[in-house]
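For the protein sequence lines, the chains are A and B, in the order given.
Just so we're aligned, residue 50 is where the first sequence starts under the numbering used here, counting upward by one.
Just so we're aligned, residue 50 is where the second sequence starts under the numbering used here, counting upward by one.
Remarks on the structure that follows.
2 protein chains.
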Amino acid sequence: MPQQAAEKPAPDEELDYRLEEQVGFLLRRAQQRHTAIFAARIGRHQLTPTQFAALAKIHDEGIVSQNKLGRLTAMDPATMQGVIARLLDRGFIARAPDPKDRRRALLRLTAEGRAAFAESAPNGKLISRETLAPLDARERAAFLRLLTKLV
Amino acid sequence: MPQQAAEKPAPDEELDYRLEEQVGFLLRRAQQRHTAIFAARIGRHQLTPTQFAALAKIHDEGIVSQNKLGRLTAMDPATMQGVIARLLDRGFIARAPDPKDRRRALLRLTAEGRAAFAESAPNGKLISRETLAPLDARERAAFLRLLTKLV
DNA sequence: CTAAATTCGTTCGTACACATACAATCTGCC
DNA sequence: GGCAGATTGTATGTGTACGAACGAATTTAG
């Protein structure tokens, strides 16, 4: 059974949970910092991290279905749907049904989308550098290696 | 806010942006994995990471204002508002105006909140361990050290 | 002691993130 | 050829996350 209510923080060992040392809390804060850097530096198109990721992968693939794009960018179909809708609204991508499989929606960049990506990509690299700026070169390499093992 | 962007459309070399090597993409995926582990393991109260963080800090502090709790848990006031509303709905915390400063809302755990935290805290530790399971002991220490430098 | 600045919490709007449920379509297998 | 099961995308609901704008209360500066 759980312990009794106490007036002051209980000395129970099990309750000694230090939030600021937990990996989840640190990941959340690191992500917050990265998101802030991203918004400040991505440039005049004000793409979000997910929108930029989607543009980058469509750029790589040429033509890609919405579902496959979701797998490539680590977004579930419901999330992908919203990201695609916003990129369509802004004219950065075009969408057409796949004649070979009528369930599928094929996506490609428009000229505006290609230009926006070309203009933003250097900022993307800058953002990664700035996010890792508190670490020196050796630490950066170690951190990225460990983070890759963790995903 | 919109700083000087790149002046010219960059040469093709600049477009060589490998999404899966960017720290922001890796952080997002690590967070996704952690969130999935958290939801699967936190136990019958089905607290979210932010709800659990709020309970943990109120537990530490005893009585705390909503705004200060936001600083302790790294949530902005608008986010805090929603988290608090859901914890109030579920009867885990109680809220009363501060008689000394009528802008403030003072929060404390209810008996149910204390019980839910006591029951969940061991799972919280398990979740951190499972999130870091792909790393060995030395790597875990290195990763947490580097992540702490990054937030 | 007033005027200005700051703090506290709320509301609104936008954007992920995912569970669940669903309809349309395609594939594999008999 | 036909059907069970998988895949693709949509819709809805809940929960973070934060900027902007706001009103009320308090603090500070002059």
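Every residue gets a Cβ at the ideal spot worked out from N, C-alpha and C, and that includes glycine.
Given the structure is predicted, the values throughout are model-derived calculations rather than measurements.
Original post:
If you compare alpha carbons, which of B/R67, B/D65, B/Q71 is closest to A/E179?
Top reply: B/Q71
| message | At the level of alpha carbons, what is the spacing between B/N116 and B/G162? | response | 19 Å
Quiz item: Is B/A145 helix, strand or coil when you go by DSSP?
Solution: strand
*asked:* Report the CB separation of B/R90 from B/L175 in whole angstroms; it is logged as a contact under 8 Å.
replied: 6 Å
Leaving out the 5 sequence neighbours to the left and right, which residues in its chain are closer than 8 Å to A/Q130 when beta-carbon positions are compared?
Q115
| said: Can you tell me whether B/A182 is helix, strand or coil according to DSSP? | reply: coil
Is A/T159 close to chain B? Criterion is C-beta to C-beta, closer than 7 Å. no
Practice item. Evaluate B/R93 with the Cβ neighbour count: other Cβ atoms within 10 Å of its Cβ, from every protein chain shown; 16 or more gives buried, anything less gives exposed. Key: exposed
*Put B/D96 into one of helix, strand or coil per three-state DSSP.*
The sequence as given places Leu at residue 96 of chain B; Asp does not occur at that position. Correct three-state label for B/L96: coil.
Ignore the nearest five residues each way along the sequence and tell me which others in A/L48's own chain have a CB closer than 7 Å to its CB. Because chain A spans 50 through 200 in this model, residue 48 of chain A falls outside it and cannot be assessed.
(request) Please compile the residues from chain B whose C-beta is within a distance smaller than 8 Å of the C-beta of A/T197. (result) L75
Q. What whole-angstrom Cβ distance do A/A123 and B/Q81 have, given they're in contact under 8 Å?
A. 7 Å
For my contact list, A/F101 and A/G173 are in at a C-beta cut-off of 8 Å; report their separation, rounded to the angstrom.
6 Å
### Message
Against B/S114, what residues of chain A qualify as contacts under a CB-to-CB distance less than 7 Å, listed in chain order?
### Response
Ordered by position in chain A, no residue passes the 7 Å Cβ test against B/S114, which lies about 17 Å from the chain.
- Query: Which word fits A/R203, buried or exposed, when buried means at least 16 other C-beta atoms lie within 10 angstroms of its C-beta?
  - Reply: Nothing can be reported for residue 203 of chain A, as the shown portion of chain A is limited to 50 through 200.
Handout entry: Under 7 Å between C-beta atoms of B/A154 and B/R144
Key = yes
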